[in-house]
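**Q** There's a structure below that I have some questions on.
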Amino acid sequence: MVDLRRNQVRGSPAQAVMVVGGGISGMRAALDLADAGLKVYLVEQTPCLGGRVAQLGFMFPQHDCVLCRGTPDHGYGCTRPSISPAYLEHNQHPNIEVLTNTRIIDIEGQAGDFTVSLRQEPRYVDPERCISCGLCARVCPVELPDSYQQGMTRRKAIYKVAARAVPDAYVIDRGPYCDECGQCVEVCPTNAIDLHEPARLRHVEAGAIILALGFQVYDPTELEELGYGRFPNVLHAMQYERLASRSGPTEGVVIRPSDGQRPRSIAWLQCIGSRDQKNGYCSSICCMYATKEAMLAKQRLAGQVDCTIFIMDERAFNKEYSRYFATARERYGIRYVRCRVSGIHEDPATHDLILHYAEPDGTRHEERFEAVVLATGLQPPESARHLADLLEIELNEYGFCQTDKFTPLQTSRPGVFVCGAFSSPKEIAETIIDASGAAAEVMRLLNDQLNAHPYSREWPFVIAADGLPPERDVSGEAPRVGVFACTCGKTISEALDLRGLLQDVARWPDVEAAELLDFACLPEGLTELKEAIQKHNLNRVVVAGCSNRTHDALFQRTVRQVGLNPYLLEMVNLREQCSQVHRQHSAQANRKARELVRMAIGRVRAAQPVHKDKHPCLPVALVIGGGVAGMTAALAIADSGYRVHLVERSDALGGNLLNLYYVAEGYNPQRLLRDLVNRVRAHTHITVFTRTEVTRHWGHVGHFHALLRTSHPSGLVEETEIEHGVTIVATGARETHEHPLLELPGVITQRELEERIIHQPETVTGLQDVVMIQCVRPPGMPDYCSRVCCTNTIKNALRLKLFNPACRVIVLYKNIVTYGFREEYYTEARKRGILFLRYTDAEPPQVLSQDGRLLVRVRDLALDRTLDLPADLVTMSMSVAPSEGTAALARMLRVPLSSEGFFEEAQMKLRPMDFMREGIFLAGMAHYPKFLEESISHALAAAARALTLLSQGALHLGGIVAQVDPSKCVGCLTCTRTCPFAIPQVIQQEGRTGVGGLGGAAYIDPAQCQGCGTCTGECPASAIQLVNYTDEQVMLRSIGGLGRWLPTPQEVAR
Amino acid sequence: MTNSTPLNLIAYCCEHCAYAAADLAGGLRLQYPPEVKIVQIPCTGRIDVLAVLHAFEAGADGVLTAG
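One line per chain: the protein sequences are A and B, in this order. Under this note's numbering, the very last position in the first sequence is 2341; numbers go up by exactly one each time. Under this note's numbering, the very last position in the second sequence is 166; numbers go up by exactly one each time.
Right, here's the structure in full:
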C-alpha cells in the first residue's frame, strides 16, 4: 500500500519553522518569522541564547555598547522597541518556542514537511521558577573556570551563564565534579531545582529549517611559535574582548594576566588562523575588531599605552569603516605595521614579549611588548560537520556551508536555509541581513502559513491574538492605588524592611492596599495580585520588586487580564537598583526604597490609560529601483502573495547587472538577469513601471501614497498615484567615470575592461603590459573602500592571464580587500604571476603619456625607488558612488544619508535593512557597494521586514507618542527642527488653530512618532506632552519625589 | 544637623541604555552610594532645563542625566 499521507500533509496543519542556533542570526530570523505569523522553534545547544555576540562589549565602528544597542549579554535582542522588546524575559513572542540545551538527533522528510527529532538535555533548574537570587551558587561547593569569561574567573557548578542570560535562570553543569550534594536544592526558595530531571526527546514537524550555527574562534594553541598557552601575556581576541568589557572579569580594565598590571604596550597580530596555508580564507572581521580593541585599550588605559597592529592589508570594506581606521591612526595614535609576525619570544624575567619583524622596506626590528593579542580568525562551528551529515547538506572545503552565488541563503538541500557566519566569516551587520533574508526565503516557501498564528501588538507586550477581557473604564474614578512589594524569596527582603515600608505606604494618599508578596512573578504571586486588585477594586497598581525591564510585560499583562489598562501599572526597581547595590547601607537603602515607592505612587496617580490606534496595512509594496536588489525584493514579496509596484527609472530592468558578464566564482550573471526579468515580467502580482520616477511620497507605515511620473518614448508624460503599505528603496549605485586620466587613450575603467574582454576579446588578447590602478576616485569624492573593486580587478587580471599567459599584469593597490573566500582569487592571481605593488596616498601612481605610449610611474616601497612601468593598457578601479538622485530621493522620503552619500539605515549593525522611518526599507547598493550575492541577501532581508508588516491584518501604531495641544502652539517650528526623525510638521487643518488664531499648528503623526520626547523638552510653549511621560508624571515635585506626604511615626510621637 | 541630612542625587536614565546599565550593575552586585535615585525616562531628549531646575527646586543636591 502506498502511504499517501506524506504527500497530503503540505498545507493542512499550520506548519512551523525550525531555526537552529540561538545566536544573533538565529534570534533575528526567528523574530522575523514570528512577526510574519509563523510558528518558530528556536533550538540552541547551550543553556542560553546569545551566541558569540553575547561575549562582546562593544561593536565597531560606532562603539555602541552591546548592552544598550543589542544583544544578549543581558537579555535578548536590542532594547530599542523596534528591534526586539519581544524578546525580553516574560515578553517572549507568542509564536516562538525557545528550546535551549537542545540538539538535533535526526531528521526526515523534505522541504515543506520535515520531521525533526530533538534531544533536550536537562537543565536541572526550572527557568519558570528560578528567580536568579543566586543562593544556590553561594552554597555550591564546586568551583570551575568560567567559560563565559574565557576562563579568567571561576564559577560554581550551578551557575548563570551571564548576568542577564536568557532564559534568565541558573543551570547545573553536571560534569563528574558535581557529586549531587543537594545543597542547592535545600536553599532554593522556589523549589526550582530537580536533580533528577530527565533528558527529553521531542519530534517536531517543520516546513523549513534555518541553520544559524555561527562560528567558533580559531584556537591558536597549535601555532606553537606564538606561545599561546605558554606565555601568560599572549591573549586571544575573545579573552581581550572580555577584559575590555564592562561586564568582564575586571569590569573593563585591561590588565595583563602575568601580574595584573596595566600593560604599557600592546601588540595585535593579525590573520591568526586566516590567510595562511591551512585556512586560505580571510576572516573578514579581524582588521576591524583589532582596531576597535586597540581604541578600547587607549580609552581604558587613559592613553597610557602604545598600541601597534601588525597587519597585512587594512580591510575596512563597509560603511564608515575607512573613516574608522583614519580615526584610529590620527586621533588615537594607533600604529599599523605592514608585516606578518612569525614568532613571539618571552623574556622569562618580566613575561614581556619580544617580537622580531621586518618593515616593508626590509629593515629588521626587535621590539618588546607587555602584552600581545592574537587576532584569531573564524572557523566553522564545531557542530557543523555532524549536523551537515545528519541534514545531508554540503560543506565547502573549509567546512563552512556551501551556497550558490545567486541563492546565497540556500543550502544544497531544498527547504534548508543558512544565515550568518556558518556560510562564510562575516560581521554582525551581514549576519543580521542574512538572517532576515533567510526568513524571507522561508516565508516564500511557506507562503500559505503567513499570519497562520496571528498575534497582537495592541499592548506593550506581545500576545497571541485571542482575547483578553474588556477593559474597565476608570476615567471617572478617583485613584485607588494598590502597592505590592515582592520579597523575591529573601533577595529583596533581607536587605530592605519591606513590612515597615508597607506600613508607611498604607497611610499615603490614595493607597487602598499595601501587601507583601513572596514571589510576585510566579503563578501563585500573580494570582494573589489579581485577587487583590479585584477585592479592593483598585484602579492603579504599583509593584515594587525587580526591574521593569525584565518584568514590566509580565505585570502589565497581569493587570490587563483583570481589566486594567497596562499603563495604570508602575514598577519600582527595588532589586536591581536598590537592595542589590547598597548592601552596606541598610538605613539609607530603606530610605531610598521609600522614596522610589513614593515616586511610583505619584506617577501612577497621574497615569491615564493609553491606547494604540489600529490601522490596516495595505497589502501592497512599492519597490524603487529595478536592479537585482529591487527585482529580488519584489519577487520575494510577490511570491509570498502580496502585490508589488516596481518602479525603474531607465527603460529596462537590470541595473548594474546589465553590465556584469562574469564573476570571479565563474557563474553567469546574465543567466540570473534573464531569470529575474522573466519572472518579474510574468508575475501576476508585480506591476512594472519603467521610465518612471517617484516624484512624491507621503503617508505612514501601512498606508503610504506615491506619485509616479512615467515618461513614455513618445514624449507623453503620465502621472499615476499609488497607495501602498511599505516602501523598499533599491536604487543602487554606479561606477564613477569622472577622472581626467580617463581621457587619455589606453586608460579605461575596470568595467570597460570587462566589456572588452567579453565583447571585443581581440583587443585584449594581444596585450603585453597591463597596469591596473586600484582605489581611484573622482576629485572631491569622499575616501572610502568600494568593496568590490579588488575582486573584480583580480577577476579581470586572471582572465587576461588566461588569454595570454605572457601578458605582464601589475596591480597597484593600497589594500587588497578580498575578504572571505575571495582570498582564494588573490592567492590564485599571485600564483599565476600577477604582480601586486602597494602604493600609498602620499605617493600615488602617475600616468604619463610618452611617445604615444603609456607609462605608469610608481614608488616601489620594497625597493624604495621609483619605477616606470610601460603599459599598453591602464585600467582604473573607480569608486562606486550612490546613484544619481539619491540625495533628492532621501529628501522626499525624509531619510538620512551617510557621510559617503549612501542611504543611512536605522542602526548600522542591528538594523541594516531598516530606516528609522517605519515601513521604509533599504536593499542593495543603495546602502553601500556590494557583491551580487550580498545585494540578493540584502534585498531578501528588506523583503522579510516588509512582509512582517504586510502579513499583519492590522498595525497598532501610536501609544507612547508626543501630542500637541494646538491651542498652545505658536508655530515656532522648534519641534520640526529638534525632532531627530523629522516627524513634526506645522500644518493647516480645520479645527487646528494655534495661539491667537494662528493659521496652523504643529502636528505629530502618531503613526510615525518614536516617542523619545525630545520635542516636549524643547517646546518653548509647553504645547507638547509625551503620553505616559507628561510633566505631571515626570516632574519630581508633582510626583512627590523628594518631598514627604506624611510625618514619620517618630515625628508624630514627638 | 546638616551633616546628617543625606544627599539627594537624581539620575535621569534613558530606559534603553543607562537604565539597562544600572540593571546590569544590580545583576553583578556592583555597589554604589544609595543617595543616587534613578528616574527612568524614554530618552534623554525628554529631559529639558526645566526638569533639571524643578529637581533642584524639589530639593535635589545633584542631577545626572545619562543616556
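Glycine residues also receive a C-beta, built at the ideal position from the N, C-alpha and C atoms.
Going along the chain, which residues of its own chain have a beta-carbon closer than 6 Å to the beta-carbon of T2235 (chain A), five neighbours each way excluded?
**A** Here residue 2235 (chain A) refers to the residue found at position 948 when the first sequence is read from its first residue. Once the five neighbours on either side are set aside, the close Cβ partners of T2235 (chain A) are D1319, D1322, A1323.
**Q** Tell me the DSSP secondary structure of R1237 (chain A) in three-state form.
**A** An answer regarding residue 1237 (chain A) cannot be provided, because it is not within the stretch 1288 to 2341 covered by chain A.
**Q** Which runs of the alpha helix (DSSP H) spanning at least 4 residues fall entirely within the segment 1571 to 1606 of chain A, listed in chain order?
**A** As far as the segment 1571 to 1606 of chain A is concerned, its whole alpha helix (DSSP H) runs of at least 4 residues are 1573 to 1587.
**Q** Could you name the residues that DSSP lists as bridge partners for I1480 (chain A)?
**A** The residue labelled residue 1480 (chain A) in the question sits at position 193 within the first sequence. Beta-bridge pairing links I1480 (chain A) to A:V1412.
**Q** In chain A, which residues lie with their C-beta within 9 Å of the C-beta of G161 (chain B)?
**A** Your numbering for residue 161 (chain B) matches position 62 in the second sequence. Ordered by position in chain A, no residue passes the 9 Å Cβ test against G161 (chain B), which lies about 12 Å from the chain.
**Q** Can you give me the C-alpha to C-alpha distance between A1450 (chain A) and G1344 (chain A), rounded to a whole angstrom?
**A** On the first sequence, position 163 is the one that residue 1450 (chain A) refers to. On the first sequence, position 57 is the one that residue 1344 (chain A) refers to. For A1450 (chain A) and G1344 (chain A), the distance between alpha carbons rounds to 13 Å.
**Q** Please report the distance separating the alpha-carbon of R2038 (chain A) from that of V162 (chain B).
**A** The residue labelled residue 2038 (chain A) in the question sits at position 751 within the first sequence. The residue labelled residue 162 (chain B) in the question sits at position 63 within the second sequence. For R2038 (chain A) and V162 (chain B), the distance between alpha carbons rounds to 59 Å.
**Q** Under 8 Å, do M1918 (chain A) and L1963 (chain A) count as touching if we go by C-beta distance?
**A** Against the first sequence, residue 1918 (chain A) aligns to sequence position 631. Against the first sequence, residue 1963 (chain A) aligns to sequence position 676. It is a contact, given that the beta carbons lie within the stated cut-off.
**Q** In this structure, does DSSP put A1493 (chain A) in helix, strand or coil?
**A** For this step, residue 1493 (chain A) is matched to residue 206 along the first sequence. Of the three classes helix, strand and coil, the one that applies to A1493 (chain A) here is strand, per DSSP.
**Q** Is the distance from the Cβ of Q2061 (chain A) to the Cβ of L2099 (chain A) below 8 Å?
**A** Along the first sequence, read from residue 1 onward, the residue named residue 2061 (chain A) stands at position 774. Along the first sequence, read from residue 1 onward, the residue named residue 2099 (chain A) stands at position 812. Against a cut-off of 8 Å, the Cβ pair of L2099 (chain A) and Q2061 (chain A) comes out as a contact.
**Q** So, at 6 Å on beta carbons, what are the nonlocal neighbours of A1452 (chain A) in its own chain, with the 5 sequence-adjacent residues on each side left out?
**A** Counted from its first residue, the first sequence places residue 1452 (chain A) at position 165. Closer than 6 Å at the Cβ level, and outside the excluded window around A1452 (chain A), lie C1335.
**Q** At a Cβ threshold of 8 Å, is H1361 (chain A) touching chain B?
**A** Counting from one through the first sequence, the residue named residue 1361 (chain A) turns up at place 74. Only weak support is given to the placement of H1361 (chain A): the predicted model assigns it a pLDDT of 30, under 50, and the value that follows is read from those uncertain coordinates. Yes, H1361 (chain A) counts as interfacial toward chain B.
**Q** Should G1516 (chain A) be labelled buried (16 or more other beta-carbon atoms within 10 Å of its own) or exposed?
**A** For this step, residue 1516 (chain A) is matched to residue 229 along the first sequence. Exposed, because fewer than 16 other Cβ atoms sit within 10 Å of the Cβ of G1516 (chain A).
**Q** Which residues bound the beta strand (DSSP E) around K1326 (chain A)?
**A** On the first sequence, position 39 is the one that residue 1326 (chain A) refers to. Here the beta strand (DSSP E) through K1326 (chain A) covers 1326 to 1330.
**Q** Name the residue from A:T1477, A:D1563, A:T1698, A:V1934 whose alpha carbon lies nearest to the alpha carbon of L1510 (chain A).
**A** Translated into the one-based positions of the first sequence, residue 1510 (chain A) becomes position 223. Cα-wise, what sits closest to L1510 (chain A) is A:D1563.
**Q** Does the segment 1565 to 1582 of chain A come close enough to the segment 2144 to 2152 of chain A to have 3 or more Cβ pairs within less than 8 Å?
**A** Cβ pair count under 8 Å is below three, so no.
**Q** Run through the segment 1835 to 1861 of chain A for me and flag every whole beta strand (DSSP E) of 3 or more residues, listed as ranges in chain order.
**A** Taking only runs of at least 3 residues, the beta strand (DSSP E) segments lying wholly in the segment 1835 to 1861 of chain A are 1856 to 1860.
**Q** Just how far apart, CA to CA, sit S1629 (chain A) and F1518 (chain A)?
**A** Along the first sequence, one-based indexing puts residue 1629 (chain A) at 342. Along the first sequence, one-based indexing puts residue 1518 (chain A) at 231. When rounded, the distance between both Cα atoms is 16 Å.
**Q** Is the CB of I1641 (chain A) under 8 Å away from at least one CB in chain B?
**A** Along the first sequence, read from residue 1 onward, the residue named residue 1641 (chain A) stands at position 354. Chain B, which has no Cβ nearer than 8 Å to the Cβ of I1641 (chain A), makes this no.
**Q** Alpha carbon to alpha carbon, how far is G2258 (chain A) from S1419 (chain A)? Give it in angstroms, no decimals.
**A** The count along the first sequence starts at 1 and reaches residue 1419 (chain A) at position 132. The count along the first sequence starts at 1 and reaches residue 2258 (chain A) at position 971. If I take the Cα positions, the gap works out to 52 Å.
**Q** Verify the CB distance criterion: does T2317 (chain A) have a CB-CB separation below 8 Å to chain B?
**A** One-based indexing of the first sequence puts residue 2317 (chain A) at position 1030. Closer than 8 Å: no.
**Q** Determine the chain B residues that contact T2303 (chain A) at a beta-carbon separation under 7 Å, and present them in chain order.
**A** Looking up residue 2303 (chain A) in the first sequence gives position 1016. Under the 7 Å cutoff, chain B gives R145.
**Q** Does the beta-carbon of T1982 (chain A) have 16 or more other beta-carbons within 10 angstroms, so that it is buried, or is it exposed?
**A** For the purposes of this step, residue 1982 (chain A) is taken as residue 695 along the first sequence, with counting starting at 1. Classification of T1982 (chain A): exposed, given that the 10 Å Cβ count is below 16.
**Q** Using the beta-carbon of each residue, which ones in chain A are nearer than 7 Å to A165 (chain B)?
**A** For the purposes of this step, residue 165 (chain B) is taken as the residue at position 66 of the second sequence. Residues of chain A passing the Cβ test: none, with the nearest at roughly 11 Å.
**Q** Pop quiz: M2200 (chain A) and I1720 (chain A) are said to be a contact at Cβ under 8 Å. What is the actual Cβ separation, rounded to whole angstroms?
**A** Against the first sequence, residue 2200 (chain A) aligns to sequence position 913. Against the first sequence, residue 1720 (chain A) aligns to sequence position 433. Confirmed, about 6 Å.
**Q** Using a Cβ-Cβ cut-off of less than 9 Å, give me the residues of the segment 113 to 129 of chain B that come near chain A, in sequence order.
**A** Cβ contacts with chain A: C113, E114, H115, C116, A117, Y118, A119, A120, A121, D122, L123, A124, G125, G126, L127, R128, L129.
**Q** Can you give me the Cβ contacts of A1708 (chain A) inside the same chain, cut-off strictly under 7 Å, excluding the 5 residues immediately before and after it?
**A** Reading the first sequence from its first residue, position 421 is the one you call residue 1708 (chain A). Excluding sequence neighbours, A1708 (chain A) sits near G1501, F1502, L1665, T1718.
**Q** Got a sec? Which residues, its chain only, sit under 6 Å from E1331 (chain A) by beta carbon, not counting five neighbours each side?
**A** In the first sequence, the residue the question calls residue 1331 (chain A) occupies position 44. Excluding residues within five positions, the ones whose Cβ falls inside 6 Å are G1309, T1387.
**Q** Would you kindly work out how many angstroms separate the C-alpha atoms of P1485 (chain A) and Q1342 (chain A), rounded to a whole number?
**A** For this step, residue 1485 (chain A) is matched to residue 198 along the first sequence. For this step, residue 1342 (chain A) is matched to residue 55 along the first sequence. Straight-line Cα distance between these residues: approximately 30 Å.
**Q** Say whether chain B places a C-beta atom closer than 8 Å to the C-beta of A2310 (chain A).
**A** The residue you call residue 2310 (chain A) lines up with position 1023 of the first sequence. No, no contact with chain B.
**Q** Counting only beta-carbon separations shorter than 8 Å, does C2256 (chain A) have a partner in chain B?
**A** By one-based count along the first sequence, residue 2256 (chain A) stands at place 969. Judged by the 8 Å Cβ criterion, C2256 (chain A) is not in contact with chain B.
**Q** Please list, in chain order, all residues of the same chain as A1584 (chain A) whose beta carbon is under 6 Å from its beta carbon, the five residues on each side excluded.
**A** Position 297 of the first sequence, counted from the start, is the residue given in the question as residue 1584 (chain A). Closer than 6 Å at the Cβ level, and outside the excluded window around A1584 (chain A), lie V1541, I1553, V1592, C1594.
**Q** On the three-pair Cβ rule with 8 Å, is the segment 2152 to 2159 of chain A touching the segment 2103 to 2112 of chain A?
**A** With a cut-off of 8 Å, the segment 2103 to 2112 of chain A and the segment 2152 to 2159 of chain A do not count as touching, because too few Cβ pairs lie within range.
**Q** Starting from the N-terminal side, write out each stretch of the alpha helix (DSSP H) that is 4 residues or longer and does not extend beyond the segment 2295 to 2329 of chain A.
**A** Here the runs fully enclosed are 2301 to 2305, 2318 to 2321.
**Q** How long is the line joining the alpha carbons of P2293 (chain A) and Q1586 (chain A), rounded to whole angstroms?
**A** If you number the first sequence from 1, residue 2293 (chain A) lands on position 1006. If you number the first sequence from 1, residue 1586 (chain A) lands on position 299. Going by the C-alpha atoms only, they are around 41 Å apart.
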